[in-house]
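**Student:**
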Amino acid sequence: MKKRSVTFNHNPLLAKGLPVWRPRVVLLALLCGSFALVARAAYLQGVNDEFLQAKGESRYARVIEIPATRGKITDRHGTVLAASTPVKSIWAIPGDAKPTPAEVRKLAGLLDMDVRDLNHRLARDSDFVYLKRQVPPEVAEQVANMKLAGIHDQREYRRYYPGAEVMSHLLGFTGVDDHGQEGVELAYDSQLNGKPGSRRVIKDRRGQIVEDVESIRTPQEGKDIALSIDAKIQYLAYTALQNAMDTYRAKAGSVVVLDSRTGEVLAMVNAPTYNPNNRESLSGAQLRNRAVTDTFEPGSVLKPIIAAMALESGKFRFDTVIDTGNGRMTLANATITDTKPHGRLTVAEVIQKSSNIGAVRMAMSFKPEEMWQVYDDLGLGSSLQLGFPGEASGRLRPASTWRPIEQATMAYGYGVSASLMQLARTYLAFARDGDVIPVTLTRSEVPQVTGRRVFSAQTVRETRAMMEMVTQAGGTAVHGQVPGYRVAGKTGTSHKLEGAHYTSKYIASFVGLAPVSDPRLIVAVMIDEPAGKQYYGGQVAGPIFSNVMAGALRALSVPPDAPITPLQVARSKEEIAARGRM
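Residue numbers are given in this note's numbering: position 426 of the sequence shown equals residue 411, and the series is strictly consecutive.
This is the structure:
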């Protein structure tokens, strides 16, 4: 059978013609779309090109921060105590960083990091992560030579302290962001810390800068701070304190040196200390600037204040006799004792022998409000206003709360607390003929003419004579003598108060001034918990005072006011014990 061929030539659908308007509409739509694209392109590239430029620049242009250099800290003579040195910080873009395991191990070794920690940082879901802050420039260069994608560095600054342990508590230190954390660095952070700038640069795909386009903001460098500290005197005080810490196996100690003419702090050292350049293993005890943050009951150091009050009132004279009896006195069911019976003593001898009973008999002749007012005028119980972080104000309770026994104990330094810096400021009254001026950590070339008047000049001259007797034969601080200079001061030995009870632990102190004929310097010493048989202020703190005062006076070229004679020291054990007490 013959097959029939099938064709579609006669399909009625194919024979039907299309409408004329349809292709025209399609062509018109294509032309309109083309014109719209051309117009949009012309608009973006010719009229409003900021969008495309911004998108393009976002792929190669960057605005980077220019760190400002932190201001230097210098001593009064311009010696640099703290300065910022350039370092690098290594950072990464985790999405771009694809180092091999071998490269990770090498990078971790250069950055002194654990490999797992480094891998954890590189795996973070972020556009920026620090790998290591403040690495030395040579290490950063080795990292850069590895040419790892996504690993970059930026310039920063790290603080360097040439004085290390000698200046640590005074200066403090800065953190990784170069902001002050302790000491002067924190107290003057707003002045030392500058304002960073910025600039626009072009980077390649590896993040390397290939062109510096423009500066947007110029960095403002931090201001330099000139302290009142004398680096030589600071070192003298540090050496003397460290020697004493080793000799007496003490828990802690502090030394402060003041210029009585200006109120400037010439030295301030503490022990134990630390190296601010390496702070990996620090404890809270090492960080404390005890001279301003720690308070203690000063003991007999306050007795000259009572003597000055007695003279100023006219109730007592320099040679007025006070009966201290057999060395025991009962007041309100409490017994006050001297180290030994002194019998009848003049007011001057009460200070020379450091008689508790003599000081109490003078103090009890005043109303509590009168005694409180003098203590307050001298700055006890109030802030030093040095601006130093952690500064303590001490403790001086309102006079209305004093019981008779409390007024009595405050006469010889119990029941009131102060920092060593406060005690040094208190003695400005005895070095400046009766007035007290503020103390300062910054250099001041202009002497303070007058301050808050507390005692008359005549009263101070007589009190100073009593204090000079303390360092002479028969006094409690013969070890505080300075060859070639007349020295005045007062020892202090107080039991430590822990909780609500006094312990068998001691704080030995000495505060003095020189030269007596024209006082220039005040040196205050505190030794916390000296071990062994020697714990009296005259035995422990007196020699430190002598060494520091002698070196400081010579460093300042202060003329001697006494013939250079051998020190008058006790020879027998009994004499040492008797002269070193209180």
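We put the beta carbon where it would ideally sit given N, CA and C, even for glycine.
For Ser367 and Ala252, I'd like the C-alpha separation in whole angstroms.
**Tutor:** Translated into positions along the sequence shown, residue 367 becomes position 382. Translated into positions along the sequence shown, residue 252 becomes position 267. Ser367 and Ala252: Cα-Cα distance of roughly 22 Å.
**Student:** Starting from Met253 and walking both ways along the beta strand (DSSP E), at which residues does that stretch end?
**Tutor:** Locating residue 253 in the sequence shown gives position 268, counting from the first residue. Here the beta strand (DSSP E) through Met253 covers 250 to 256.
**Student:** Taking one C-beta from the stretch 346 to 363 and one from the stretch 293 to 307 each time, how about it: are there three or more such pairs within less than 8 Å?
**Tutor:** The stretch 346 to 363, when compared against the stretch 293 to 307, does touch it at the 8 Å Cβ threshold.
**Student:** Do Ala414 and Leu363 come within 8 Å of each other at the CB atom, strictly closer than that value?
**Tutor:** Translated into the one-based positions of the sequence shown, residue 363 becomes position 378. Translated into the one-based positions of the sequence shown, residue 414 becomes position 429. Going by C-beta atoms, Leu363 is nearer than 8 Å to Ala414.
**Student:** Looking at the structure shown, is Ser494 part of a helix, part of a strand, or coil, going by DSSP?
**Tutor:** For this step, residue 494 is matched to residue 509 along the sequence shown. DSSP places Ser494 in strand when its eight states are reduced to three.
**Student:** If you run the structure through DSSP and keep just helix, strand and coil, what is His154?
**Tutor:** In the sequence shown, the residue the question calls residue 154 occupies position 169. His154 falls in the helix class under three-state DSSP.
**Student:** Output the residue ranges of the alpha helix (DSSP H) runs that lie fully inside the stretch 426 to 511 and measure 4 residues or longer, sorted by chain position.
**Tutor:** If we require 4 residues or more, the alpha helix (DSSP H) runs fully inside the stretch 426 to 511 come out as 442 to 455.
**Student:** Can you tell me where the beta strand (DSSP E) with Trp76 in it begins and where it stops?
**Tutor:** The residue labelled residue 76 in the question sits at position 91 within the sequence shown. Run containing Trp76: 65 to 77, per the beta strand (DSSP E) assignment.
**Student:** Could you give the distance in angstroms between the alpha-carbon of Ala225 and the alpha-carbon of Ile218?
**Tutor:** One-based indexing of the sequence shown puts residue 225 at position 240. One-based indexing of the sequence shown puts residue 218 at position 233. Cα-Cα distance, rounded: 11 Å.
**Student:** Going by the CB atoms, is the gap between Ser402 and Thr258 shorter than 8 Å?
**Tutor:** Along the sequence shown, read from residue 1 onward, the residue named residue 258 stands at position 273. Along the sequence shown, read from residue 1 onward, the residue named residue 402 stands at position 417. Cβ atoms of Thr258 and Ser402: not closer than 8 Å.
**Student:** Nearest CA to the CA of Thr411: which residue from Gln166, Ala68, Ala509?
**Tutor:** Within the sequence shown, numbered from 1, the residue matching residue 411 stands at position 426. The shortest Cα separation from Thr411 among Gln166, Ala68, Ala509 belongs to Ala509.
**Student:** How many whole angstroms separate the CB atoms of Lys475 and Ser285, which I take to be in contact at a CB cut-off of 8 Å?
**Tutor:** Sequence index remark: in the sequence shown, residue 475 carries index 490 (1-based). Sequence index remark: in the sequence shown, residue 285 carries index 300 (1-based). Correct: roughly 6 Å between the Cβ atoms.
**Student:** How should Asp323 be labelled, buried or exposed, when 16 other C-beta atoms within 10 angstroms of its C-beta is the threshold for buried?
**Tutor:** Taking the sequence shown and counting its residues from 1, one reaches residue 323 at position 338. Its Cβ being crowded by 16 or more others within 10 Å, Asp323 is buried.
**Student:** Take the Cβ of Arg564 as the centre, count every other Cβ of all protein chains shown within 10 Å, and call the residue buried at 16 or more, exposed below.
**Tutor:** Indexing the sequence shown from 1 puts residue 564 at position 579. The predicted position of Arg564 is uncertain, since its pLDDT is 47 and thus under 50; a value taken from the coordinates is nonetheless stated next. Looking at its Cβ environment, which holds 16 or more other Cβ atoms inside 10 Å, Arg564 is buried.
**Student:** Pull up the distance between the alpha-carbon of Ala108 and that of Leu369, whole angstroms please.
**Tutor:** By 1-based counting over the sequence shown, the position of residue 108 is 123. By 1-based counting over the sequence shown, the position of residue 369 is 384. For Ala108 and Leu369, the distance between alpha carbons rounds to 52 Å.
**Student:** If you scan the stretch 300 to 355 from start to end, which runs of the beta strand (DSSP E) of 3 or more residues do you find wholly inside it?
**Tutor:** Fully enclosed beta strand (DSSP E) runs of 3 or longer: 306 to 308, 313 to 316, 319 to 322, 329 to 331.
**Student:** In angstroms with no decimal places, state the Cα-to-Cα distance between Tyr491 and Tyr223.
**Tutor:** Counted from its first residue, the sequence shown places residue 491 at position 506. Counted from its first residue, the sequence shown places residue 223 at position 238. Whole-angstrom Cα-Cα distance: 22 Å.
**Student:** Which of helix, strand or coil does DSSP assign to Thr203?
**Tutor:** The count along the sequence shown starts at 1 and reaches residue 203 at position 218. Residue state, collapsed to three classes: coil.
**Student:** Measuring only the C-alpha atoms, how far is Ser441 from Met294?
**Tutor:** Within the sequence shown, residue 441 is the residue found at index 456, counting from 1. Within the sequence shown, residue 294 is the residue found at index 309, counting from 1. Between Ser441 and Met294, the C-alpha separation is close to 10 Å.
**Student:** DSSP three-state label for Ser175, please.
**Tutor:** Counting from one through the sequence shown, the residue named residue 175 turns up at place 190. Helix.
**Student:** Assign Pro261 to one of two classes, buried (16 or more other C-beta atoms within 10 Å of its C-beta) or exposed (fewer than that).
**Tutor:** Position 276 of the sequence shown, counting from 1, holds the residue named residue 261. Per the 10 Å Cβ criterion, buried.
**Student:** Just to check my reading of the structure: Ala179 and Gln205 have Cβ atoms closer than 8 Å, yes? What is that Cβ distance to the nearest angstrom?
**Tutor:** In the sequence shown, residue 179 corresponds to position 194, counting from 1. In the sequence shown, residue 205 corresponds to position 220, counting from 1. Just to set this straight, residue 179 is Gly in the shown sequence, not Ala. Yes, Gly179 and Gln205 are in contact; Cβ-Cβ is about 5 Å, under 8 Å.
**Student:** Measure the CB-CB distance between Ile75 and Leu116 and report whether it falls below 8 Å.
**Tutor:** As a first step, residue 75 must be located in the sequence shown, where it is residue number 90. As a first step, residue 116 must be located in the sequence shown, where it is residue number 131. A contact, by the Cβ cut-off of 8 Å.
**Student:** By the three-class DSSP mapping on this structure, what secondary structure does Ala233 have?
**Tutor:** In the sequence shown, counting from the first residue as 1, residue 233 sits at position 248. Here residue 233 is Tyr; the residue named in the question, Ala, does not match the sequence. Three-state DSSP puts Tyr233 in a helix.
**Student:** What is the rounded straight-line gap between the Cα of Ile342 and the Cα of Lys288?
**Tutor:** The residue given as residue 342 occupies position 357 in the sequence shown. The residue given as residue 288 occupies position 303 in the sequence shown. Cα to Cα, the separation comes out at about 11 Å.
**Student:** Assuming His105 is part of the alpha helix (DSSP H), what are its boundary residues?
**Tutor:** The count along the sequence shown starts at 1 and reaches residue 105 at position 120. First-last of the alpha helix (DSSP H) with His105: 100 to 107.
**Student:** DSSP three-state call for Gln119: helix, strand or coil?
**Tutor:** Here residue 119 refers to the residue found at position 134 when the sequence shown is read from its first residue. Correct three-state label for Gln119: strand.
**Student:** Provide the residue span of the alpha helix (DSSP H) that contains Ile291, from first to last.
**Tutor:** As a working note, residue 291 is residue 306 in the sequence shown. Start and end: 288 to 298.
**Student:** Go to Ile390, then tell me how far its alpha helix (DSSP H) extends in each direction, as first and last residue.
**Tutor:** Sequence index remark: in the sequence shown, residue 390 carries index 405 (1-based). Ile390 -> alpha helix (DSSP H) spans 389 to 396.
**Student:** Roughly how many angstroms separate the alpha carbons of Pro515 and Arg346, rounded to a whole number?
**Tutor:** In the sequence shown, the residue the question calls residue 515 occupies position 530. In the sequence shown, the residue the question calls residue 346 occupies position 361. If I take the Cα positions, the gap works out to 31 Å.
**Student:** I'd like the list of long-range same chain contacts for Asp60, defined as Cβ closer than 7 Å, with 5 residues on each side in sequence excluded.
**Tutor:** Position 75 of the sequence shown holds residue 60. Here the set comprises Leu66, Leu212, Ile214, Asp215, Ala216.
**Student:** Would Ile78 and Asp112 be called neighbours here (beta carbons separated by less than 8 Å)?
**Tutor:** Position 93 of the sequence shown, counting from 1, holds the residue named residue 78. Position 127 of the sequence shown, counting from 1, holds the residue named residue 112. Cβ atoms of Ile78 and Asp112: closer than 8 Å.
**Student:** Look up Ser531 in the DSSP assignment and say whether it is helix, strand or coil.
**Tutor:** As a first step, residue 531 must be located in the sequence shown, where it is residue number 546. Helix.
**Student:** Take the Cβ of Val434 as the centre, count every other Cβ of all protein chains shown within 10 Å, and call the residue buried at 16 or more, exposed below.
**Tutor:** If you number the sequence shown from 1, residue 434 lands on position 449. Answer is exposed; the Cβ neighbour count stays below 16.
**Student:** With respect to the alpha helix (DSSP H) encompassing Glu514, which residues constitute its N-terminal and C-terminal limits?
**Tutor:** Within the sequence shown, the letter at position 529 stands for residue 514. Run containing Glu514: none; DSSP gives neither H nor E here.
**Student:** So for Val554, helix, strand or coil by DSSP?
**Tutor:** Within the sequence shown, numbered from 1, the residue matching residue 554 stands at position 569. With a pLDDT of 49 at Val554, under the threshold of 50, the modelled position of this residue cannot be trusted, and the question is left open.
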